[in-house]
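Participant:
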């Protein structure tokens, strides 16, 4: 049976243990790098800096995945069900909160894991907080930024670097694969926060929830099966930057496909698996896509400072 998506994120975190980072996160400064403000357009649109009225931060030492929960999806997507001012997350790795606070896509998420000291990658925390009114998801992000700065002394900035990437393009012009389709509004999207583990499927094998990327039960034991509904091709490309897919570098959308799509992909990471297919083969046969090498300027996050948390 395929490992859960939550376990996958933990595997990404564990991989950083072999990088031996220092206690204070490193800074990257080079002549080819453009440094700029940490404030992005979505932060301006959300109303600027704001904080929780009250917040509790407690380290959780239970097994990873035990009682893991969140009432706001801690991803870079806009999927969100209003919570009336309550934010609650249990047994979540600290770098997930950082990812959420700064709306980091998959490629940026991997980079910030490389930037952090070991404890900030593997330590898990319960956060329960109250906010005035009924905030949007982006407003919760701004509040999380303030909380991380207060309790963990987190300071970051953004830089633009020229980086090798994969361009995601159509394998054959104008032709989609059988497991990639324009989003169907006729298939209902369930309300409520998205679960962090594997989800059920709808007709066609696509994940039941909309607006995010999820693991689903594979048809062949030992395979990886992932998908999403009502998402952009940019989100799909970014998802393929995740180490599970073996791309090895960021993936950017160059398909030219506008609007929202549904997709599901199943593959094996074992090249000797007779049941196949590899990710590259599945990308072509199931989605009608392929990866081509490119070089692009990409915005990356740099951690200037972080400390173990202060008491509540």
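Numbering (my numbering), first residue to last: 126 to 437. Where a beta carbon is used, it is the ideal one built from N, C-alpha and C, also for glycine. Model, not experiment: these values are computed from the prediction.
Does DSSP put residue 326 in a helix, a strand or coil?
Facilitator: Residue 326: strand per DSSP, three-state reduction.
Participant: Start and end of the alpha helix (DSSP H) containing residue 224?
Facilitator: Run containing residue 224: 219 to 226, per the alpha helix (DSSP H) assignment.
Participant: Residue 417: buried (16+ other C-beta within 10 angstroms of its C-beta) or exposed?
Facilitator: With fewer than 16 other Cβ atoms within 10 Å, it is exposed.
Participant: State the Cα-Cα distance for the pair residue 170 and residue 267, rounded to the nearest angstrom.
Facilitator: C-alpha separation (whole angstroms): 11 Å.
Participant: Where does the unbroken beta strand (DSSP E) through residue 288 begin, and where does it stop?
Facilitator: Taken as a continuous stretch (DSSP letters only), the beta strand (DSSP E) holding residue 288 covers 280 to 295.
Participant: If we ignore side chains and look at the alpha-carbon of each, how far apart do residue 284 and residue 249 end up?
Facilitator: When rounded, the distance between both Cα atoms is 28 Å.
Participant: Short of 8 Å in beta carbon distance, which residues of its chain neighbour residue 215, apart from the five on each side in sequence? Order them along the chain.
Facilitator: Same-chain partners within the cutoff: 185, 192, 193, 194, 195 and 251.
Participant: Quick check: what's the CA-CA separation for residue 355 versus residue 264?
Facilitator: Each residue's Cα considered, the two are about 23 Å apart.
Participant: According to DSSP, residue 387 sits in a beta bridge with which residue or residues?
Facilitator: Paired residue(s): 306.
Participant: So, is residue 399 buried or exposed, given that buried needs 16 or more other C-beta atoms within 10 angstroms?
Facilitator: Exposed, since its Cβ has fewer than 16 Cβ neighbours within 10 Å.
Participant: Looking only at its own chain, which residues have a Cβ that is under 8 Å from the Cβ of residue 420, when we skip the five neighbours before and after it?
Facilitator: Excluding residues within five positions, the ones whose Cβ falls inside 8 Å are 287, 288, 289 and 290.
Participant: Inspect the beta-carbon positions of residue 199 and residue 255 and report whether they are closer than 8 Å.
Facilitator: Taking 8 Å as the Cβ cut-off, residue 199 and residue 255 do not qualify as a contacting pair.
Participant: With H, G and I counted as helix, E and B as strand and the rest as coil, what does DSSP make of residue 262?
Facilitator: Helix at residue 262.
Participant: Please name the residue or residues paired with residue 420 in a DSSP beta bridge.
Facilitator: In the DSSP output, where bridge partners are listed per residue, residue 420 has 289.
Participant: Would you give the residue range spanned by the beta strand (DSSP E) that residue 253 belongs to?
Facilitator: Where residue 253 is concerned, the enclosing beta strand (DSSP E) stretches over 249 to 255.
Participant: Can you give me the C-alpha to C-alpha distance between residue 275 and residue 178, rounded to a whole angstrom?
Facilitator: So the alpha carbons of these two residues sit roughly 13 Å apart.
Participant: Between the C-alpha atoms of residue 228 and residue 201, what's the straight-line distance to the nearest angstrom?
Facilitator: One C-alpha to the other measures close to 5 Å.
Participant: What is the rounded straight-line gap between the Cα of residue 209 and the Cα of residue 336?
Facilitator: Roughly 21 Å separates the two Cα atoms.
Participant: Could you tell me which of 295, 271 and 172 sits nearest to residue 261, measuring between CA atoms?
Facilitator: Ranking 295, 271 and 172 by Cα distance to residue 261 puts 172 first.
Participant: Give the C-beta separation of residue 324 and residue 333 to the nearest angstrom, bearing in mind that I take them to be a contact with Cβ-Cβ under 8 Å.
Facilitator: Right, the Cβ-Cβ distance comes to about 5 Å (below 8 Å), so this counts as a contact.
Participant: Candidates 432, 433, 412 and 370: which alpha carbon is nearest residue 438's?
Facilitator: Any question about residue 438 goes unanswered here, given that the chain covers just 126 to 437.
Participant: Assuming the contact rule is C-beta atoms closer than 8 Å, residue 295 and residue 414 should be a hit. Round their C-beta distance to whole Å, please.
Facilitator: That pair is a contact at about 6 Å.
Participant: Have a look at 422, 357 and 364 and flag the residue whose alpha-carbon is nearest the alpha-carbon of residue 382.
Facilitator: Considering only alpha carbons, the answer is 357.
Participant: Specify the secondary structure class of residue 181 as computed by DSSP and reduced to three states.
Facilitator: The answer is strand: DSSP assigns residue 181 an E or B state.
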